[in-house]
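Here's the structure we're looking at; comments come further down.
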Amino acid sequence: MAEPERPQPLRDLDRRLKRLRAEEDGGARAAAERGRGLSLAVRIGAELVAALVVGVGIGLLLDSWLGTAPWLLVVFFVLGAAAGMLNVYRVMERMNRTVGDATGKRPEAERNGER
Amino acid sequence: MASAEHHGPLSQFEIKTLLPIHLGEADISFTNSSLMMVIALIGITLFLLLGARRRALVPGRWQSMVELSYEFIVGLLRDTVGPDGRRYFPFVFTLFMFVLFGNMLGMIPYSFTFTSHIVVTFALAAVVFVGVTILGFVKHGVRFFAFFVPPGISVALWPLMIPIEIISYLSRPISLSVRLFANMLAGHTLLKVFAGFVPVLGAAGVVPLAFVAALSGLELLIAFLQAYVFAILTCLYINDALHLH
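Right, dumping it as structure tokens:
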């Protein structure tokens with residue numbers, strides 16, 4: 001900011017440009033964050049369901065092979081649900097890490113707010 | 001065009017055979033889905049080749065877009081995989097552009113969205129899954145199985161955690177394909193349902209029309225976002241295969 005050799009109109013222009021750029025950045029970031037939230041919501045649903053589907057699939061398959069219906073289905077249903085939650089946990093963990101990396105300069109409170 | 005025949009919100013997803021080809025038992029006919037894929041391929045090729053044709057030092061708009069998409073994927077690989085991720089650029093870039101063009105071409109009225117079919121998205125996801133698994137075995141050999149043993153967990157919990165980890169690993173292609181297909185299917189169905197309200201409501205049809213306009217914008221965003229998610233997850237899986245935990 002402290003550039004005394006610049007003439008008055010140029011400094012004015014500089015200030016106005018900086019303000020406009022900051023505003024533009026804010027708008028773009030808000031839109032990007034909305035989009036990211038949207039994609040995150042769909043991702044989490046898909047992760048949860050996919051692991052459950054795999055668990056149930058394995059359970060049904062093993063049951064029909066070994067003739068142990070319905071016990072392995074029950075076991076693998078629970079394992080699949082656990083795997084789904086593990087998936088969701090990993091997504092959130094990764095999300096926090098990338099948010100922290102990309103915008104490390106931002107205050108802690110704001111970062112926690114967008115989780 | 002639409003008024004004469006029956007046109008439900010789901011008829012946009014119908015597969016129509018354009019050129020019947022039968023190879024023994026298998027039906028490998030050329031359909032409208034195949035046509036859109038060919039159009040996407042031609043579109044990508046033209047977009048990249050014509051955009052990079054002038055090789056100006058100060059790029060024009062078109063060349064900027066080409067450079068932007070290149071740098072986007074390079075940055076993605078650098079951030080998620082690291083410096084040795086550059087080797088996988090052609091694969092990730094091809095996937096990203098194919099999915100992106102598939103999604104974007106589907107936004108053109110009366111066209112067909114091939115990414116709204118689970119066969120297509122699951123085939124793409126299966127390629128990623130099998131490729132990444134092979135990559136892991138090539139890089140680490142038998143030690144790749146250590147990927148299924150979570151670090152810092154007592155041996156007593158291994159019988160519980162290893163099946164969970166394996167299920168979690170097997171669920172990757174399903175979540176990857178379902179996400180893309182479900183987004184495209186739901187978005188396009190919603191658009192058609194709201195568009196169906198417009199002629200029915202007469203003058204009040206302006207309200208759903210405005211909604212359709214807003215939804216189209218949202219769909220454009222989702223079309224890009226899902227291509228991005230597909231690419232970034234591929235990068236993350238490559239990273240997992242290269243560096244294990």
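Chains as they are written, first to last, in the working numbering: chain A, 1 to 115; chain B, 1 to 245.
A virtual CB, placed ideally from N, CA and C, is assigned to each residue, including glycine.
Which residues of chain A have a Cβ atom closer than 7 Å to the Cβ of Pro163 of chain B, listed in chain order?
-> Those are Leu79, listed as they occur along chain A.
Using a C-beta cutoff of 8 Å, does Asp64 of chain A count as contacting chain B?
-> In the sequence under discussion, the amino acid at residue 64 of chain A is Ser, which differs from the Asp named in the question. No - not a single Cβ of chain B is within 8 Å of the one on Ser64 of chain A.
Using the DSSP secondary-structure output, state which residues sit across from Phe72 of chain B in a beta bridge.
-> Note: Phe72 of chain B sits in no beta bridge, so no partner.
Let me know the beta strand (DSSP E) ranges lying completely inside the stretch 6-77 of chain B, each 3 residues or longer, listed in chain order.
-> List check, beta strand (DSSP E) in window: 17-19.
Under three-state DSSP, which class holds Gly82 of chain B?
-> Gly82 of chain B: coil per DSSP, three-state reduction.
Closer than 8 Å to chain A by CB, Ser171 of chain B | At least one beta carbon of chain A lies nearer than 8 Å to the beta carbon of Ser171 of chain B.
Tell me, please, whether the CB atom of Arg61 of chain B is closer than 8 Å to any CB atom in chain A?
-> At a cut-off of 8 Å, the C-beta of Arg61 of chain B has no neighbouring C-beta in chain A.
Compute the Euclidean distance between the alpha carbons of Leu46 of chain B and Phe112 of chain B, then round it to the nearest angstrom.
-> Taking the straight line from one Cα to the other gives about 20 Å.
Determine, using beta carbons only, whether Ala50 of chain A and Ser116 of chain B come nearer to each other than 8 Å.
-> Cβ atoms of Ala50 of chain A and Ser116 of chain B: not closer than 8 Å.
Are the C-beta of Ala46 of chain A and some C-beta of chain B separated by less than 8 Å?
-> Proximity of Ala46 of chain A to chain B, defined by a Cβ-Cβ separation below 8 Å, is satisfied.
List the residues of chain A that Arg78 of chain B touches, going by C-beta distances under 7 Å, in chain order.
-> Within chain A, no C-beta atom comes nearer than 7 Å to that of Arg78 of chain B; the closest sits roughly 12 Å away.
Is it true that the stretch 158-166 of chain B meets the stretch 216-228 of chain B, where meeting means three or more beta-carbon pairs spaced less than 8 Å apart?
-> With a cut-off of 8 Å on Cβ pairs, the stretch 158-166 of chain B is not in contact with the stretch 216-228 of chain B, counting fewer than three such pairs.
Does any C-beta atom of chain B lie closer than 8 Å to the C-beta of Gly55 of chain A?
-> Gly55 of chain A counts as touching chain B.
Host alpha helix (DSSP H) of Leu157 of chain B (start-end) | It is not in any alpha helix (DSSP H) - Leu157 of chain B carries neither H nor E in the DSSP assignment.
In angstroms, rounded to a whole number, what distance separates the CA positions of Leu225 of chain B and Val88 of chain A?
-> Their backbone Cα atoms lie some 19 Å apart in a straight line.
Under 8 Å between C-beta atoms, does Asn103 of chain B make it to chain A?
-> Asn103 of chain B does not count as touching chain A.
Find the nearest neighbour of Leu35 of chain B within the set B:Ala156, B:Leu180, B:Ala213, B:Thr17, judged by alpha-carbon distance.
-> Closest option to Leu35 of chain B, judged by alpha-carbon separation, among B:Ala156, B:Leu180, B:Ala213, B:Thr17: B:Thr17.
Neighbouring residues, chain B, relative to Val42 of chain A (Cβ below 8 Å) = Within chain B, the residues near Val42 of chain A are Arg179, Ala182, Asn183.
Cα separation between Ala146 of chain B and Gly152 of chain B?
-> The alpha-carbon atoms of Ala146 of chain B and Gly152 of chain B are separated by roughly 12 Å.
Interface residues of the stretch 96-128 of chain B facing chain A [CB-CB below 9 Å] | For the stretch 96-128 of chain B, no residue has a beta-carbon sitting nearer than 9 Å to a beta-carbon of chain A.
Partner residues on chain B for Ala22 of chain A, Cβ-Cβ distance less than 7 Å = Neighbours of Ala22 of chain A in chain B, taken as residues at a C-beta separation under 7 Å, are lacking, since the least C-beta distance is about 22 Å.
For the alpha helix (DSSP H) containing Tyr228 of chain B, list its first residue and its last residue.
-> It spans 206-243 - the alpha helix (DSSP H) in which Tyr228 of chain B sits, taken as one unbroken run.
For a contact meaning CB atoms closer than 8 Å, what does Leu86 of chain A contact in chain B?
-> Under the 8 Å cutoff, chain B gives Ile164, Glu165, Ser168.
Where Ala50 of chain A meets chain B, residues with beta-carbon distance less than 7 Å | For a Cβ distance threshold of 7 Å, residue set Ser171, Ile174, Ser175, Val178 of chain B lies close to Ala50 of chain A, ordered along the chain.
Ends of the alpha helix (DSSP H) at Ala125 of chain B?
-> Ala125 of chain B -> alpha helix (DSSP H) spans 118-140.
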